[in-house]
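Report on the structure given below.
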Amino acid sequence: MAEEAKTAASELSGTGNFIHTAIQEDLGDNLTKIHTRFPPEPNGYLHIGHAKSICLNFGLAKLYGGKCNLRFDDTNPTKEDVEYVDSIKQDVKWLGFDWEDRLFFASSYFDTFYEVALKLIKEGLAYVCDLSAEEMRQYRGTLNAPGKQSPYRNRSVEENLDLFSRMKAGEFPDGSHTLRAKIDMASPNINMRDPVLYRIAHAHHHKTGDAWCIYPMYDFAHPLEDAIEGITHSICTMEFEDHRPLYDWVVAHSGLPAKPRQIEFARLSMTNTVMSKRKLRALVEEGLVDGWDDPRMPTISGLRRRGVTPEAIRDFCEKIGVSKAISKVDSSLLDYCIRDDLKAKTPVVMAVLRPLKVIIENYPEGQTELLPIENNPETASLGTRQVPFGRELYIEQEDFMEVPEKKFFRLSPGKEVRLKGAYFITCTGVDKDANGNITAVRCTYDPATKSGSGFEGRKVKGTLHWVNASTAVPITTRLYEAMLLDDPNDPNGDMVMNPNSLEELSSVAEPAVKEAKGGDRFQFMRNGYFCADTKDSTADHLVFNRIVALKSAYKPAK
Ligand code: ATP
Ligand code: MG
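Using this note's numbering, read the sequence shown as starting at 190 and increasing by one per residue.
Take a look at the structure:
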């Protein structure tokens with residue numbers, strides 16, 4: 190076994206980042222298989238930052254032939270809920286990862302945590318403290334000044350055991366007592382100054398009900414969870430770097446055989462959005478978005494509803510890489526990954542977002558013909574379809590200008606353009622209503638210019654997409670911009686909701702979209718990638734979310 194792991198490690202050496210290096214160093218005679226975990230707290234829906242952690246933890250396990258657990262870190266009952274547990278499981282699965290039979294809950298280790306606490310008390314390594322939270326803050330000291338010892342620090346083992354069991358029995362109110370580790374009030378690392386291990390909280394827990402009224406603190410519970418599960422590499426974000434000595438202390442005194450190694454990496458942060466469950470929850474609770482899965486949200490469920498694929502998210506997580514330096518990733522990189530994934534596999538059809546009627550005066554009334562158009566110019570195997578063409582069509586309002594500005598090569602009076610897959614048309618005039626608004630554009634077509642007929646007579650500069658009016662399928666399209674914008678007036682650098690983040694349009698599409706179901710994706714020619722909304726589409730009327738536009742400023746590094 191050891192040999193096999195060593196071979197794997199040496200084959201992979203030079204792969205990836207500092208975490209790979211650490212793991213490759215560790216794999217040897219004593220460590221033959223790695224075991225990681227993804228440990229969300231079920232206090233909200235997962236966001237794309239969590240996807241980075243999921244891809245990293247499950248990805249490392251897969252790469253090195255190890256295992257990765259899904260573990261709910263449910264030690265803080267007041268903020269947690271089963272709704273979040275269910276959504277997190279769904280999201281991890283959808284991203285393409287499998288925890289097999291290793292779904293765990295920290296709350297199922299509550300007895301073990303308690304046993305370890307008793308062991309620490311008996312060894313003189315923990316004591317019950319009666320200081321209030323405020324007093325404890327005063328005693329803690331600062332970065333430059335050592336802390337002061339609690340007056341309760343030297344209680345006898347017997348007294349501590351008695352008080353701790355009474356804490357557990359529910360004799361004391363919230364906040365009156367804590368169990369603290371006895372480490373070093375003068376430590377330069379504040380985390381080591383007798384940190385709290387247990388607090389009293391008379392709160393109902395979504396799994397353990399009212400069985401407990403004392404709950405372990407993260408810094409005590411997390412290393413024990415890892416050790417109980419035999420985790421070899423506990424990968425977490427940078428803010429835990431200063432907690433690592435405490436992590437190691439808890440593991441060392443736990444009496445558990447496993448010795449997990451904590452490794453920190455920089456959390457993902459992205460432009461134009463927030464990456465915090467607490468802030469995202471506030472948007473949901475204030476009704477500023479349509480739930481956790483609003484397509485503007487950076488949540489996994491929001492991205493899924495918008496139409497983003499798991500492949501694109503995994504590619505994004507691969508491309509951003511892993512480092513210790515915190516930097517903001519430009520959200521256009523995600524857009525790039527989305528387009529890159531969709532471009533070859535998504536059917537290309539025509540939809541007009543803001544319709545303007547075109548009447549082709551010399552095309553026979555009542556006639557429609559079917560024109561063959563390829564389903565995806567990049568992927569011949571996706572074949573062709575028949576698109577109806579007739580006397581009345583729709584084009585985009587922005588593809589016509591009555592008085593064209595310079596370099597406007599689309600339709601205007603007297604000008605000729607190509608209709609994609611159909612004919613050349615020339616504008617002969619416009620119809621207007623009583624207020625002078627254009628209600629239709631009049632054109633003639635040249636039958637000799639039919640697409641595919643080999644016509645080479647003359648060149649035109651513009652090619653427009655179009656939808657035949659008599660067979661048009663009315664749809665709703667939703668276009669998005671960044672959900673949040675930096676608030677220049679906020680000294681804390683907080684962000685504000687972008688008032689233009691959602692635009693809803695009455696649009697039309699060719700018949701090819703008619704049978705689409707929620708979740709189906711199309712490229713709407715020249716308009717971007719769209720996905721039929723799973724919540725708001727009905728059998729009679731489809732709502733399409735724009736996943737991403739066709740172009741952005743982002744250029745991938747060569
Ligand atoms: P939030 O502040 O959004 O609630 P969290 O870190 O409190 O984030 P957890 O549920 O505790 O959320 O996170 C589960 C795992 O995901 C942790 O290992 C955490 O380090 C990781 N994680 C959370 N946010 C990010 C992020 N932005 N980038 C990378 N990993 C993250
Ligand atoms: Mg958290």
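Where a beta carbon is used, it is the ideal one built from N, C-alpha and C, also for glycine.
Small disclaimer: the values here were computed from a predicted structure and weren't measured.
Q) If you draw a straight line from the alpha carbon of phenylalanine 227 to that of cysteine 506, how long is it in whole angstroms? A) When rounded, the distance between both Cα atoms is 15 angstroms.
Q) In terms of residue numbering, what span does the beta strand (DSSP E) encompassing glutamine 451 cover? A) In the DSSP assignment, glutamine 451 falls within the unbroken beta strand (DSSP E) covering 450-454.
Q.
At a cut-off of 7 angstroms, would you count glycine 238 as near the ligand ATP, judging by its Cβ distance to the nearest heavy atom?
A. With a cutoff of 7 angstroms, glycine 238 counts as near the ligand ATP, since its C-beta is closer than that to a heavy atom of the ligand.
Q) Does at least one heavy atom of the ligand ATP sit under 7 angstroms from the Cβ of proline 577? A) No; taking the cut-off as 7 angstroms, the Cβ of proline 577 has no heavy atom of the ligand ATP nearer than that.
Q: Enumerate in chain order the residues of its own chain whose CB-to-CB distance from threonine 460 is below 7 angstroms, with the five nearest sequence positions on each side excluded.
A: These residues qualify, in order along the chain: Lys517, Asp519, Ser520.
**Q.** Chain-order list of residues whose beta-carbon lies under 8 angstroms from that of isoleucine 208 (same chain, five-residue window excluded)
**A.** For isoleucine 208, same chain residues with a beta-carbon under 8 angstroms away, outside a window of 5 residues either side, are Leu245, Leu249, His422, Ile424, Ile452, Phe454, Val511 in chain order.
Q. From methionine 686 to lysine 468, what distance separates their C-alpha atoms?
A. Roughly 12 angstroms between the two C-alpha positions.
Q. So the alpha helix (DSSP H) lysine 311 belongs to, where does it begin and stop?
A. Where lysine 311 is concerned, the enclosing alpha helix (DSSP H) starts and stops at 299-311.
Q.
So, with DSSP's three-state summary, where would you put proline 745?
A. Note that proline 745 has pLDDT 49, beneath the 50 cutoff, so the model's placement of it is unreliable and no number is given.
Q. Just to check, is the beta-carbon of serine 465 closer than 7 angstroms to a non-hydrogen atom of the ligand ATP?
A. For serine 465, the CB falls within less than 7 angstroms of some heavy atom of the ligand ATP.
Q: Assign glutamate 645 to one of three DSSP states: helix, strand, or coil.
A: Note: glutamate 645 maps to coil in three-state DSSP.
Q: Counting only the same chain and skipping the five closest in sequence on each side, list residues whose C-beta sits under 8 angstroms from that of alanine 322.
A: These residues qualify, in order along the chain: Gly364.
Q. Counting Cβ pairs closer than 8 angstroms, one from the stretch 480-488 and one from the stretch 547-563, do we hit at least three?
A. Output reads no: the stretch 547-563 does not touch the stretch 480-488.
Q. Using a threshold of 7 angstroms, is the CB atom of lysine 230 nearer than that to any non-hydrogen atom of the ligand ATP?
A. The sequence shown places glutamate at residue 230, rather than the lysine named in the question. For the ligand ATP, at least one heavy atom lies less than 7 angstroms from the Cβ of glutamate 230.
(Q) Alpha carbons only, please: which of Asp275, Met590, Met684, Asn565 is nearest the one belonging to valine 537? (A) Residue Asn565 is the option with its Cα nearest to valine 537.
(Q) Tell me which residues share the same chain as serine 465 and place their Cβ nearer than 7 angstroms to its Cβ, disregarding the 5 neighbours each side in the sequence. (A) So no residue of the chain qualifies.
Q: Starting from the N-terminal side, write out each stretch of the beta strand (DSSP E) that is 3 residues or longer and does not extend beyond the stretch 636-692.
A: Taking only runs of at least 3 residues, the beta strand (DSSP E) segments lying wholly in the stretch 636-692 are 662-669, 673-675, 684-686.
Q.
Can you tell me whether arginine 326 is buried or exposed? The criterion is at least 16 other CB atoms within 10 Å of its CB, across all chains shown.
A. Arginine 326 should be labelled exposed.
Q. Taking DSSP as the reference, what is the three-state secondary structure of cysteine 616?
A. If DSSP states are grouped into helix, strand and coil, cysteine 616 belongs with the strands.
Q: Can you tell me which of the three DSSP states methionine 190 falls into?
A: Confidence at methionine 190 is low in this model, with a pLDDT of 42, below 50, so the placement of that residue should be treated as unreliable; the coordinate-derived value is given next. In this structure, methionine 190 counts as coil in the three-state DSSP scheme.
Q: Pick helix, strand or coil for phenylalanine 713, following the three-state DSSP scheme.
A: Here phenylalanine 713 sits in strand by DSSP.
Q: With a threshold of 16 other CB atoms inside 10 Å of the CB of proline 449, please say whether the residue is buried or exposed.
A: When all chains shown are included, proline 449 counts as buried.
(Q) Is it buried or exposed, valine 271, if we count other Cβ atoms within 10 angstroms and call 16 or more buried? (A) With fewer than 16 Cβ atoms within 10 Å of its Cβ, valine 271 is classed as exposed.
Q | Nearest-angstrom Cα separation, counted from valine 592 out to threonine 628 | A | Rounded to the nearest whole angstrom, the C-alpha separation of threonine 628 and valine 592 is 16 angstroms.
Q: Would you identify the three-state DSSP class for leucine 608, choosing helix, strand or coil?
A: In the three-state reduction of the DSSP assignment, leucine 608 falls in the strand class, which pools E and B.
Q.
Within the continuous beta strand (DSSP E) that includes lysine 256, where are the two ends?
A. Start and end: 256-261.
Q. Arginine 735 by DSSP, collapsed to three states: which one?
A. Strand at arginine 735.
Q. Helix or strand or just coil, what does DSSP make of phenylalanine 207?
A. The answer is helix: DSSP assigns phenylalanine 207 an H, G or I state.
Q: Would you be able to state if there are at least three C-beta pairs under 8 angstroms between the stretch 405-413 and the stretch 427-436?
A: Flag = yes, the stretch 427-436 and the stretch 405-413 touch.
Q) For glutamine 712, which of Thr727, Asn734, Leu694 has the nearest alpha-carbon? A) Ranked by Cα distance from glutamine 712, the options Thr727, Asn734, Leu694 are led by Asn734.
Q: Evaluate contact between the stretch 260-280 and the stretch 221-238, counting only Cβ atoms and requiring at least three cross-stretch pairs below 8 angstroms.
A: Touching, yes, given that three or more Cβ pairs across the two stretches are closer than 8 angstroms.
Q: Ignoring anything shorter than 4 residues or poking outside the stretch 481-517, list the alpha helix (DSSP H) runs there in chain order.
A: The qualifying runs are 489-495, 499-509.
Q: Kindly indicate which residue of Asn551, Gln213, Ala569 has the alpha-carbon position closest to the one of isoleucine 614.
A: Answer by Cα proximity: Asn551.
Q | Sequence-distant residues of its chain with Cβ nearer than 6 angstroms to aspartate 262 (five each side left out) | A | Cβ neighbours of aspartate 262 beyond the five flanking positions: Pro228, Glu230, Ala295.
Q) What did DSSP end up calling leucine 694 once you bin it into helix, strand or coil? A) The answer is strand: DSSP assigns leucine 694 an E or B state.
Q | Residue environment, histidine 236, which counts as buried when at least 16 other CB atoms sit within 10 Å | A | The residue is buried, with at least 16 neighbouring Cβ atoms inside 10 Å.
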